[in-house]
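**Q**
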Amino acid sequence: MGVLEVDHVNRRLQDNNGQEINVLDDIDFTVNPGEFVSIIGPSGCGKTTLLRLISGLDQPEEGKVTIDGDRITKPDYSRGYVFQHGSLFPWETIEENISVGLKVTKGRHFDKALVKHYIDLMGLTGFENSYPHQVSGGMAQRAALARSIIMKPEILLLDEPMGALDAFTRADIQNVIYRVWEETHTTMILVTHDIDEAVYLSNRIVVMTPRPGRIKEIVDNPLPHPRSRVSEDFATFRHEIQEKLNFGLEDVQEASR
Numbered sequence: 001m002g003v004l005e006v007d008h009v010n011r012r013l014q015d016n017n018g019q020e021i022n023v024l025d026d027i028d029f030t031v032n033p034g035e036f037v038s039i040i041g042p043s044g045c046g047k048t049t050l051l052r053l054i055s056g057l058d059q060p061e062e063g064k065v066t067i068d069g070d071r072i073t074k075p076d077y078s079r080g081y082v083f084q085h086g087s088l089f090p091w092e093t094i095e096e097n098i099s100v101g102l103k104v105t106k107g108r109h110f111d112k113a114l115v116k117h118y119i120d121l122m123g124l125t126g127f128e129n130s131y132p133h134q135v136s137g138g139m140a141q142r143a144a145l146a147r148s149i150i151m152k153p154e155i156l157l158l159d160e161p162m163g164a165l166d167a168f169t170r171a172d173i174q175n176v177i178y179r180v181w182e183e184t185h186t187t188m189i190l191v192t193h194d195i196d197e198a199v200y201l202s203n204r205i206v207v208m209t210p211r212p213g214r215i216k217e218i219v220d221n222p223l224p225h226p227r228s229r230v231s232e233d234f235a236t237f238r239h240e241i242q243e244k245l246n247f248g249l250e251d252v253q254e255a256s257r
């Protein structure tokens, strides 16, 4: 696993009227191997754009994104990506969806025992032969996670994968993600609006300001694992992160006056 560096990155996009928008402004941080980092901030602050730059799906105007000094210029199996809605192939079963990357890289002789391991780890046993429309949204997201993590990426990028789920299912998937991270030691970067989610899962939390997206602060999470969502320490740290988000919004409002 390599060290990920986002080095003074700027990204500009055009809106529907052709006007240039400064989406990301001087984003600069490092993620060490095996870390779990969450990126939080208000809608439109460039969180998903930042994740796309790390994945290689997009490129910055200024700055660079590197792994161990090598510039990221295109997508690669070393960086898995899980979208908000999973994006499973509807014509393939859950097992076939999970193994699709292995089929591409290994051919017909992929490790079926590995597929079974991730089916069991994700709690999908008994649904191997079901199609995406036959399972719940939570199960579909479990399959999407398995499809990415089975490729053993150096970095797993999570773009609000629990955003469309109900509160109970969201908490369940968070526990699944934590188990995968604990087992595989994969570097994970999560984009989320949910402060509780970031506090529950992360080693560090990157707090971003409203557009143009800047890093307000990077906060170390002092809570030991396993974490309780109802503990006093959890509530205290959650309140600290909420205040930093609020202050970031106030700073931008003050600067615009």
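Following UniProt numbering, the numbering of the sequence shown begins with 1 at its first residue and continues without gaps.
Beta carbons are placed, not taken as given, at the ideal position from N, Cα and C, and that holds for glycine.
Remember, it's a predicted structure, so these values are computed and weren't measured experimentally.
1. For Tyr77, which residues of its own chain have a beta-carbon under 6 Å away from its beta-carbon, when the five flanking residues on both sides are left out?
2. By how many angstroms is the C-alpha of Glu128 removed from the C-alpha of Ala235?
3. Report the three-state DSSP secondary structure of Gln14 (helix, strand or coil).
4. Run through the DSSP bridge pairs and tell me what Met208 is partnered with.
5. Per DSSP, which residues does Asn22 bridge with? Please list them.
6. By Cβ distance, which residues of its chain are closer than 8 Å to Thr105, with the 5 residues on each side in sequence left out?
7. Looking only at DSSP bridge pairs, what is Thr30 linked to?
8. Once you ignore the five residues that flank Phe89 on each side, which residues in its own chain have a CB closer than 8 Å to its CB?
9. Round the Cβ separation of Tyr200 and Ile149 to the nearest angstrom and send it over; I've been treating them as touching at under 8 Å.
10. Looking at C-beta atoms only, is the number of pairs between the region 78-85 and the region 51-60 that lie closer than 8 Å three or more?
11. Counting C-beta neighbours from all protein chains within 10 Å, is the total for Arg257 16 or more, i.e. buried, or is it exposed?
12. Looking only at its own chain, which residues have a Cβ that is under 7 Å from the Cβ of Phe29, when we skip the five neighbours before and after it?
13. Taking all protein chains shown into account, do 16 or more other C-beta atoms lie within 10 angstroms of the C-beta of Ser38, making it buried, or fewer, making it exposed?
14. Going by DSSP, what residue range makes up the alpha helix (DSSP H) through Leu57?
15. In terms of residue numbering, what span does the alpha helix (DSSP H) encompassing Leu114 cover?
16. Where are the beta strand (DSSP E) runs, 3 residues long or more, that stay fully inside the region 135-188, in chain order?
17. Tell me which residue opens and which closes the alpha helix (DSSP H) that Gly101 is part of.
18. Looking at Asn10 and Gly63, is the spacing between their C-beta atoms short of 8 Å?
19. At a Cβ threshold of 8 Å, is Glu240 touching chain C?
20. Output the boundary residues of the alpha helix (DSSP H) element that contains Tyr200.
21. What number of angstroms, rounded off, separates the C-alpha of His193 from the C-alpha of Gln141?
22. Kindly list the residues whose CB is nearer than 7 Å to the CB of Asn32, restricted to its own chain and excluding five residues on each side of it in sequence; keep chain order.
23. Which residues in the same chain have their Cβ closer than 8 Å to the Cβ of Asp111, if we skip the five residues on either side of it in sequence?
24. Taking the C-alpha atoms as reference points, what is the distance between Arg227 and Val65?
25. Under the three-state reduction of DSSP, which class applies to Leu124: helix, strand or coil?
**A** Result, derived from the coordinates:
1. Sequence index remark: in the sequence shown, residue 77 carries index 77 (1-based). Met151, listed in sequence order.
2. By one-based count along the sequence shown, residue 235 stands at place 235. By one-based count along the sequence shown, residue 128 stands at place 128. Spanning the two alpha carbons is a distance of roughly 39 Å.
3. Position 14 of the sequence shown holds residue 14. Correct three-state label for Gln14: strand.
4. By 1-based counting over the sequence shown, the position of residue 208 is 208. Answer is Ile215, bridged to Met208.
5. Start at 1 with the first residue of the sequence shown, and residue 22 comes out as number 22. Asn22 has Arg12 as its beta-bridge partners, per DSSP.
6. For the purposes of this step, residue 105 is taken as the residue at position 105 of the sequence shown. Within the same chain, Thr105 has close Cβ partners Tyr77, Met151.
7. In the sequence shown, counting from the first residue as 1, residue 30 sits at position 30. DSSP, once it has assigned bridges, lists Glu5 as partnering Thr30.
8. As a working note, residue 89 is residue 89 in the sequence shown. Glu96, Asn97, Val100, Pro132, listed in sequence order.
9. Your numbering for residue 200 matches position 200 in the sequence shown. Your numbering for residue 149 matches position 149 in the sequence shown. Contact doesn't hold; Cβ gap of about 19 Å is too wide.
10. Three or more Cβ pairs drawn from the region 78-85 and the region 51-60 lie within less than 8 Å of each other, which places the two stretches in contact.
11. Along the sequence shown, one-based indexing puts residue 257 at 257. Below a pLDDT of 50, predicted positions are generally treated as unreliable, and Arg257, at 44, falls in that range; no measurement from the model is reported.
12. Translated into positions along the sequence shown, residue 29 becomes position 29. Cβ within range, chain order: Val6, Val206, Ile215, Ile218.
13. Position 38 of the sequence shown, counted from the first residue, corresponds to residue 38. In the assembly as shown, Ser38 is a buried residue. Its beta-carbon has 16 or more other beta-carbons within 10 Å.
14. The count along the sequence shown starts at 1 and reaches residue 57 at position 57. Neither: Leu57 is in no alpha helix (DSSP H) and is coded neither H nor E.
15. Here the question's residue 114 lines up with position 114 in the sequence shown. Start and end: 112-121.
16. At a cut-off of 3 residues, the continuous stretches assigned as beta strand (DSSP E) that sit fully inside the region 135-188 are 155-159.
17. As a working note, residue 101 is residue 101 in the sequence shown. Counting along the chain, the unbroken alpha helix (DSSP H) around Gly101 starts and ends at 94-106.
18. Start at 1 with the first residue of the sequence shown, and residue 63 comes out as number 63. Start at 1 with the first residue of the sequence shown, and residue 10 comes out as number 10. Yes, the Cβ-Cβ distance between Gly63 and Asn10 is below 8 Å.
19. Absent from the structure: chain C. Only one protein chain is present.
20. In the sequence shown, counting from the first residue as 1, residue 200 sits at position 200. Here the alpha helix (DSSP H) through Tyr200 covers 195-201.
21. Within the sequence shown, the letter at position 193 stands for residue 193. Within the sequence shown, the letter at position 141 stands for residue 141. Roughly 18 Å between the two C-alpha positions.
22. Indexing the sequence shown from 1 puts residue 32 at position 32. Taking Asn32 as the centre and dropping the five residues before and after it, the same chain places the C-beta of Val3 closer than 7 Å to its C-beta, in chain order.
23. As a first step, residue 111 must be located in the sequence shown, where it is residue number 111. Taken in chain order, the residues that qualify are Leu102.
24. Residue numbering aside, residue 227 sits at position 227 when the sequence shown is read from its first letter. Residue numbering aside, residue 65 sits at position 65 when the sequence shown is read from its first letter. Distance from the CA of Arg227 to the CA of Val65, rounded to the nearest whole angstrom, comes to 32 Å.
25. Taking the sequence shown and counting its residues from 1, the one referred to as residue 124 is at position 124. Leu124: coil per DSSP, three-state reduction.
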